[in-house]
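Undergrad:
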Amino acid sequence: MSQPRPLPRLLGSLLLVTAAALSSAAAAGQATAASAERAGAVRPLGQIIPAPASVSPAGSPYTLTSATRIQTDATPEARAVGERLAEVLRPSTGYGLPVTTRPAPQSIRLRLSSAESALGEEGYRLKSAPGGVTITALRPAGLFHGVQTLRQLLPASVEADTPQRGPWQVAGGTITDSPRYGHRGAMLDVSRHFLTVDQVKRYIDHLALYKINKLHLHLSDDQGWRIAIDSWPRLTTYGGSTEVGGGPGGYYTKAQYREILRHASSHYMEVVPEIDMPGHTNAALASYAELNCDGVAPPLYTGTAVGFSSLCVPKQVTYDFVDDVIRELAALTPGRYIHIGGDEAHSTSREDYVAFMNKVQPIVAKYGKTVVGWHQLTGASPAKGALAQYWGLDGTGQAEKAQVAEAAKNGTGLILSPADRIYLDMKYNKDTELGLAWAGYVSVQRSYDWNPGTYLPGAPAAAIKGVEAPLWTETISRNEHIDHMAFPRLPGVAELGWSPAATHDWDTYKVRLAAQGPRLSALGIDYYRSPQVPWPAQ
Ligand code: TNX
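All residue numbers for the sequence shown refer to my numbering, where the first residue is 1 and numbers rise by one.
#1: How far does the alpha helix (DSSP H) with S56 in it extend, from its first residue to its last?
#2: What's the gap between the Cα of T93 and the Cα of A137?
#3: When you compare only the Cα positions, how much space is there between G131 and L513?
#4: In this structure, what does DSSP give as the bridge partners for T134?
#5: Whose C-alpha, out of G373, A289 and L150, is nearest the C-alpha of V88?
#6: When DSSP builds the beta bridges, which residues end up paired with Q389?
#7: Mind checking whether the beta-carbon of L436 lies closer than 7 Å to any heavy atom of the ligand TNX?
#8: Do E290 and V197 have their C-beta atoms closer together than 8 Å?
#9: Going straight from the alpha carbon of E406 to that of A345, what length do you get?
#10: Could you tell me how far apart the beta carbons of Q376 and I49 are, in whole angstroms, since I believe they sit closer than 8 Å?
#11: Quick test of your reading: M187 and H206, contact by CB under 8 Å. State the CB separation rounded to the nearest angstrom.
#12: Shortest alpha-carbon distance to A297 belongs to which of D222, Q445, G307 and D73?
#13: Could you give the distance in angstroms between the alpha-carbon of V313 and the alpha-carbon of P278?
#14: Span of the alpha helix (DSSP H) holding V364?
#15: Measuring alpha carbon to alpha carbon, tell me which of G82, T242, Q106 and P273 ends up nearest P61.
#16: Cβ of Y390 versus every heavy atom of the ligand ADP: is any distance shorter than 7 Å?
#17: Alpha carbon to alpha carbon, how far is E83 from V371?
#18: Let me check understanding here. Comparing Cα to Cα, which of G411, P362, Q389 and Q403 lies closest to G379?
#19: Where S521 and S157 are concerned, what is the direct C-alpha to C-alpha distance, given to the nearest angstrom?
#20: May I have the straight-line CA-CA distance separating K418 from R102, to the nearest angstrom?
#21: If you scan the stretch 150-210 from start to end, which runs of the alpha helix (DSSP H) of 4 or more residues do you find wholly inside it?
#22: Inspect the beta-carbon positions of A386 and G373 and report whether they are closer than 8 Å.
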């Protein structure tokens, strides 16, 4: 789909060999995962994804009972996290689990403590003993992440929405945990196929379980414009009226978009909205003839080609348009970042591309936001504080990699989304029905087994802000599609973003991943049963 069409066949056959070699190992590992999930067995402390920074098992387990209360600090944030935990636990346990600020024996406690600065913005400590489970954090985000850990320490059936048999035990000991990177992202392309507010909220729910904290929404592309902009209404009423394959498309009103933002924020997730420019703009060009250099609006587009559209760089109206769009989007956006795209601008000359990106970045700054761009932005002059999102490949594009590394040396932060590692729209192997293969096949092991810290030669370690897994939707429209492509690769990306490099090990990871199978099933996630993973029999 992008310019170079690299090695899918060679890579594919290599991976198939690897997969075959692994399936016998998989059979051997089956017992381990199955025993971890056996009814009544207490999951070992730390057998979660992402792997915690530090785990010290000790003593006897805690048992959640009908008498359990959730005791929180009086702050509204701690209370809200407590309510969220109760909402997860009540349907499956059948217990009342009142949320209270009063001391309660043998309870689950959520505490904020200003003395815990070592835990940082997102870290937490979880202590489990027969007398209770206590999660302590400096900030509410840490409590939220600690609660995700607690969920995963409980049996998988705790995720079910109907009453299940216990016992509900949590192994004894202490987990002290904080993330390797501040940016642990997932991108959803809601342009190629429109995804409803409920679909986005469902994805947020699943991302949060793995401590993903950024949701990048790709809100515009050739096939559809998905966010209401009051000053240019035809962007959505016309430009949002179709999608790949010619379906009805759709768009978010500002109220609907705010609903997504609220849901994300209650899951401690920042939404990074993207308006892709100057290429990937056919929906806008079709909606307003004046945005075209020749003044003629092209037809709407429902195919899957890329690189054929461009905003008209020399025209002033282009910047009036961009100013209006960024102003309205910035006003909607509580987060720090606005993503301005900048990829695959094959119909924009190099000079025009540089001129355009250098003119648009100050508009983002004018409205108080910081720029994110696809890594081609490093071919222009990235603004101060800008982040570049690398989506190239392992084996190709060395010159481009060097350009990105150079920008990183000069202060541009990097988000790593290597397409042949963590593009969730890439097929797992030749038999995967959904998805694309332009970056090769991406098996579960391949998506997990690399190190963001050393990935980009020459880039200073401090420039790496984190990882992000994009899900492009040329072939994806339904929840089952999202589930099949994102799971089980997404937990691996989450682990790359959160866990210390020292915990990285495919052989132990795949056993922890296997143990997630029943949990994903209980959540109604229709994941791909990769033969590389020793799933327990269900
Ligand atoms: C490349 S990655 C694109 C998208 C496609 C994707 C499909 C990037 C910045 N651009 O336009 O949807 O490949 O895998």
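Yeah, the Cβ is synthetic: ideal placement off N, Cα and C, and Gly gets one too.
TA: Inspection of the coordinates gives the following:
#1: As a first step, residue 56 is located in the sequence shown; it is residue number 56 there, counting from the start. Bounds of any alpha helix (DSSP H) do not take in S56; it lies within the beta strand (DSSP E) bounded by S54 to P57.
#2: Locating residue 93 in the sequence shown gives position 93, counting from the first residue. Locating residue 137 in the sequence shown gives position 137, counting from the first residue. Taking the straight line from one Cα to the other gives about 26 Å.
#3: Position 131 of the sequence shown, counted from the first residue, corresponds to residue 131. Position 513 of the sequence shown, counted from the first residue, corresponds to residue 513. Our two residues, G131 and L513, have alpha carbons roughly 30 Å apart in a direct line.
#4: In the sequence shown, counting from the first residue as 1, residue 134 sits at position 134. Partner(s): R109 and K127.
#5: In the sequence shown, counting from the first residue as 1, residue 88 sits at position 88. Residue L150 is the option with its Cα nearest to V88.
#6: As a position in the sequence shown, residue 389 is number 389, starting the count at 1. Beta-bridge partners assigned by DSSP to Q389: W374 and I415.
#7: Your numbering for residue 436 matches position 436 in the sequence shown. True, at least one ligand heavy atom lies under 7 Å from that Cβ.
#8: For the purposes of this step, residue 290 is taken as residue 290 along the sequence shown, with counting starting at 1. For the purposes of this step, residue 197 is taken as residue 197 along the sequence shown, with counting starting at 1. Not closer than 8 Å, so no.
#9: What you label residue 406 is simply residue 406 of the sequence shown in a count that begins at 1. What you label residue 345 is simply residue 345 of the sequence shown in a count that begins at 1. Approximately 21 Å between the Cα atoms of the pair.
#10: By 1-based counting over the sequence shown, the position of residue 376 is 376. By 1-based counting over the sequence shown, the position of residue 49 is 49. That pair is no contact at about 32 Å.
#11: Walking along the sequence shown from the start, residue 187 turns up at place 187. Walking along the sequence shown from the start, residue 206 turns up at place 206. The beta-carbon distance between M187 and H206, rounded to whole angstroms, is 14 Å. This is too long to meet the 8 Å contact definition.
#12: In the sequence shown, counting from the first residue as 1, residue 297 sits at position 297. Answer by Cα proximity: D222.
#13: The residue labelled residue 313 in the question sits at position 313 within the sequence shown. The residue labelled residue 278 in the question sits at position 278 within the sequence shown. Approximately 8 Å, taken between the alpha carbons.
#14: Counting from 1 along the sequence shown, the entry for residue 364 is found at position 364. For V364, the uninterrupted alpha helix (DSSP H) run begins and ends at R350 to K366, by DSSP.
#15: As a first step, residue 61 is located in the sequence shown; it is residue number 61 there, counting from the start. Nearest C-alpha to P61: Q106.
#16: As presented, the structure is devoid of the ligand ADP, carrying the ligand TNX as its sole ligands.
#17: Taking the first residue of the sequence shown as 1, we reach residue 83 at position 83. Taking the first residue of the sequence shown as 1, we reach residue 371 at position 371. Cα to Cα, E83 sits roughly 35 Å from V371.
#18: Indexing the sequence shown from 1 puts residue 379 at position 379. Between G379 and the set G411, P362, Q389 and Q403, the nearest pair of CA atoms involves Q403.
#19: Taking the first residue of the sequence shown as 1, we reach residue 521 at position 521. Taking the first residue of the sequence shown as 1, we reach residue 157 at position 157. If you draw a straight line from the Cα of S521 to the Cα of S157, it comes to about 9 Å.
#20: Your numbering for residue 418 matches position 418 in the sequence shown. Your numbering for residue 102 matches position 102 in the sequence shown. Before going further, note that residue 418 is Pro rather than Lys in the sequence given. When rounded, the distance between both Cα atoms is 49 Å.
#21: As far as the stretch 150-210 is concerned, its whole alpha helix (DSSP H) runs of at least 4 residues are 197-209.
#22: The residue you call residue 386 lines up with position 386 of the sequence shown. The residue you call residue 373 lines up with position 373 of the sequence shown. Their beta carbons are under 8 Å apart, which means A386 touches G373 by this criterion.
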